[in-house]
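*Asks:*
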RNA sequence: CGGGGCAUGGCGCAGCUUGGUAGCGCGCUUCAAUGGGGUUGAAGAGGUCGUGGGUUCGAGUCCCGCUGCCCCGACCA
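Residue numbers (my numbering): 556 to 1133.
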């Protein structure tokens, strides 16, 4: 490619709104251009990087018996209604065609795949199968951000496995995990696989592939001692503390202006771990909030811990929660700031009368608590679980954090930020059951197909590569995903004969099958061309100039290194081919 | 959805406090010089100041509405 013919150009300054390094560099170096919030055009260089990642993905998927196909991005509403996700996936883009026909833009492709499986898979002889495709996904994200990090329209490799049984899926699963590590390693992105919440995907378990990064959106828990790693939405930890030997009497004390745990603990003179925090949520079964649907959920956790919403939802068996309003709280007889389970009658379940009181198991690891009196401005001291208040359900709903005890080895865990670049889900029969996708086993009996789904966002992966591979001058692409292998730079003035030599080398490299970006622009100083080369970040820089010719040929420099060496053209070809 | 910020030429910004018909750097065009780290000089092109309304003799500037974009949070397959 001749730079003199390339579409678009590099920018000296990035747009002010670009904050992430990858965002700034990808725009400055002419890889991407913004179109709207969460929408980007991949310029020619950028698209070449996407194609490189594409090829790596295809190779790794093919290596584990994957078959690449291509599914539509426009889906009939019926497909999504059949699995129940038409109304439960909040980020689903919905649109209407002529008349009343409704469609969804593909947010993912479980629906299409399970519908295909329903039609194509008849016998156990048709299993197992693995199909994948690389195409656009559309999600109405409330807040796109970070350039390519979170988009409304993005490119995803999504693979789907169809198996006879859970055991068969379990057997295959590790090869997919390995393929994922291969993909990320080949792209120069070392990842950590962590246990994660399955979220709206449904299913049993999932592994998230993340890259530790200070500006990542995910928080995960890691144990340096044993290697335990999990997303905070799923991370477990050991509750520490003991029940006191003697239980104090329940005593009401006046606590003026004590609306937070810290206030109360300081006022009474106890550690926060000797208090119980009460948090109110409004739970509803579907994302869409309908008046009259849903109910208040009262969540309790020991005062030194915090509640994790996702864990709470899982403990409730699904649905959605938001913070309850003050009116909703008062309606059940609790007082915001002075609330506790004392005096409340816990419901047996979501459908039963009474107040749903969810408590973290941590309240069992302590006692003689300071809790709200449900009366302003009073708290109780000496409150004990079981004697003074009851709960609907004890569950693991507290968020693990730095300093807590590892559930595996008892070591100290740490909370870290990370970017999620891939996710593997064991879906089980979540989708096949919804549409009754079955096969006939050896006995002629219909059995549900076991599914798995496995995604990698190409755009986000590209951004992460840049986050990990750059310096003050620009991008430093790993060879595997670089848009070109060689950045050929010509420096010289008209009539000095250098241009002809550069042109000849360009033709020779092309003939040898080398991917070359050739800076053939006339009249530019060496500084401009070198700055652009550094910004664009192609692995090899090859310079043809009067100086290089005097020294016998071409000057060769790795983008990642500072040394330069002079080689003959033959040596250069040998280097690139070797 | 809650909080904050921004919107002036392709990009980065000034002008707004105190209303008087828009300016700087980069980039772009032309010419000349330079020719190994965003080089230099000269001459140019390019903006109904996001949008709708209001106040005013007069609005980029003041007031109200809307839209878009960015950041934090919520949310997030």
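Where is the CB? At the ideal position from N, CA and C, for every residue including glycine.
Excluding the five sequence neighbours on either side, which residues of its own chain have a C-beta within less than 7 Å of the C-beta of residue 837, listed in chain order?
*Replies:* Here the set comprises 849, 851, 876, 877, 879, 883.
*Asks:* Identify whether residue 920 lies in helix, strand or coil by the three-state DSSP scheme.
*Replies:* Correct three-state label for residue 920: coil.
*Asks:* Here's the rule: buried if 16 or more other CB atoms are within 10 angstroms of the residue's CB, otherwise exposed. What is residue 625?
*Replies:* It counts as exposed.
*Asks:* Residues in its own chain within less than 6 Å of residue 1070 by CB, not counting five upstream and five downstream?
*Replies:* Cβ within range, chain order: 1039, 1040.
*Asks:* Tell me, please, whether the stretch 956–964 touches the stretch 922–942 by the rule of three or more beta-carbon pairs shorter than 8 Å.
*Replies:* No, they do not touch.
*Asks:* I'd like the list of long-range same chain contacts for residue 803, defined as Cβ closer than 6 Å, with 5 residues on each side in sequence excluded.
*Replies:* Excluding residues within five positions, the ones whose Cβ falls inside 6 Å are 923, 937.
*Asks:* Measuring CA to CA, which of 752, 890, 723, 998 is closest to residue 866?
*Replies:* Nearest option by C-alpha distance: 752.
*Asks:* Looking only at DSSP bridge pairs, what is residue 994 linked to?
*Replies:* Bridge partners of residue 994: 1002.
*Asks:* Where residue 997 and residue 681 are concerned, what is the direct C-alpha to C-alpha distance, given to the nearest angstrom?
*Replies:* Approximately 12 Å between the Cα atoms of the pair.
*Asks:* Once DSSP output is grouped into helix, strand and coil, what is the label at residue 1132?
*Replies:* DSSP places residue 1132 in helix when its eight states are reduced to three.
*Asks:* Entirely within the stretch 808–840 and at least 3 residues each: give me those beta strand (DSSP E) ranges in chain order.
*Replies:* Runs of the beta strand (DSSP E) inside the stretch 808–840: 831–839.
*Asks:* Counting pairs of beta carbons, one from the stretch 816–828 and one from the stretch 855–863, are three or more of them closer than 8 Å?
*Replies:* Touching, yes.
*Asks:* Go ahead and pull the three-state DSSP assignment for residue 1016.
*Replies:* In the structure shown, residue 1016 sits in a helix (DSSP, three-state: H, G or I).
*Asks:* Closest to residue 684 by CA distance: which of 708, 714, 666, 657 is it?
*Replies:* Of the candidates 708, 714, 666, 657, the one whose C-alpha sits nearest the C-alpha of residue 684 is 714.
*Asks:* I'd like to know whether the C-beta atoms of residue 584 and residue 1090 end up nearer to each other than 8 Å.
*Replies:* In this structure, residue 1090 lies closer than 8 Å to residue 584 by Cβ.
*Asks:* Pull up the DSSP beta-bridge partners for residue 979, would you.
*Replies:* Its beta-bridge partners are 762, 1009.
*Asks:* Taking the alpha helix (DSSP H) that residue 631 belongs to, which residues open and close that run?
*Replies:* It is not in any alpha helix (DSSP H) - residue 631 instead sits in the beta strand (DSSP E) that spans 629–631.
*Asks:* Between the Cα of residue 792 and those of 1105, 968, 581, 1001, spot the shortest distance and give me the residue it belongs to.
*Replies:* Minimum Cα distance to residue 792 is reached at 968.
*Asks:* According to DSSP, simplified to helix, strand and coil, what is residue 688?
*Replies:* Residue state, collapsed to three classes: strand.
*Asks:* May I have the straight-line CA-CA distance separating residue 707 from residue 1036, to the nearest angstrom?
*Replies:* Answer to the nearest angstrom: the Cα atoms are 24 Å apart.
*Asks:* By a C-beta neighbour count over all protein chains shown, 10 Å radius and 16 as the cutoff for buried, is residue 806 buried or exposed?
*Replies:* Result: exposed.
*Asks:* Within 10 angstroms of the Cβ of residue 596, are there 16 or more other Cβ atoms? Answer buried if so, exposed if not.
*Replies:* Exposed, because fewer than 16 other Cβ atoms sit within 10 Å of the Cβ of residue 596.
*Asks:* What residue from 578, 662, 763 has the CA that sits closest to residue 505's CA?
*Replies:* Given a span of 556 to 1133 for the chain in the structure shown, any question on residue 505 remains unanswerable.
*Asks:* Starting from the C-beta of residue 734, find all residues in its chain whose C-beta is less than 8 Å away, skip the five residues before and the five after it, and write them out in chain order.
*Replies:* Only 615, 616, 618, 619 meet the Cβ criterion.
*Asks:* Would residue 1075 and residue 1042 qualify as a contact pair, given that the criterion is a beta-carbon distance under 8 Å?
*Replies:* In this structure, residue 1042 does not lie closer than 8 Å to residue 1075 by Cβ.
*Asks:* If you run the structure through DSSP and keep just helix, strand and coil, what is residue 726?
*Replies:* Residue 726 falls in the helix class under three-state DSSP.
*Asks:* Could you give the distance in angstroms between the alpha-carbon of residue 1108 and the alpha-carbon of residue 1124?
*Replies:* For residue 1108 and residue 1124, the distance between alpha carbons rounds to 6 Å.
*Asks:* DSSP state of residue 678, grouped into three classes?
*Replies:* Residue state, collapsed to three classes: strand.
*Asks:* Could you tell me which uninterrupted beta strand (DSSP E) segments, each at least 3 residues in length, are contained entirely in the stretch 945–981, listed from first to last along the chain?
*Replies:* The stretch 945–981 contains these whole beta strand (DSSP E) runs: 948–950.
*Asks:* At the level of alpha carbons, what is the spacing between residue 927 and residue 894?
*Replies:* Roughly 5 Å separates the two Cα atoms.
*Asks:* Determine the contact status of residue 693 and residue 660, defining contact as a CB-CB distance below 8 Å.
*Replies:* Yes, the Cβ-Cβ distance between residue 693 and residue 660 is below 8 Å.
*Asks:* Nearest CA to the CA of residue 1023: which residue from 771, 1010, 1111, 1119?
*Replies:* If we check each option's Cα against that of residue 1023, 771 comes out closest.
*Asks:* Does DSSP put residue 585 in a helix, a strand or coil?
*Replies:* Three-state DSSP puts residue 585 in coil, outside helix and strand.
*Asks:* Looking only at its own chain, which residues have a Cβ that is under 6 Å from the Cβ of residue 711, when we skip the five neighbours before and after it?
*Replies:* Excluding sequence neighbours, residue 711 sits near 692, 1010, 1012.
*Asks:* Between which two residues does the alpha helix (DSSP H) harbouring residue 1083 extend?
*Replies:* Per DSSP, residue 1083 belongs to the alpha helix (DSSP H) from 1081–1091.
*Asks:* How big is the Cα-Cα spacing for residue 892 and residue 979?
*Replies:* Their backbone Cα atoms lie some 41 Å apart in a straight line.
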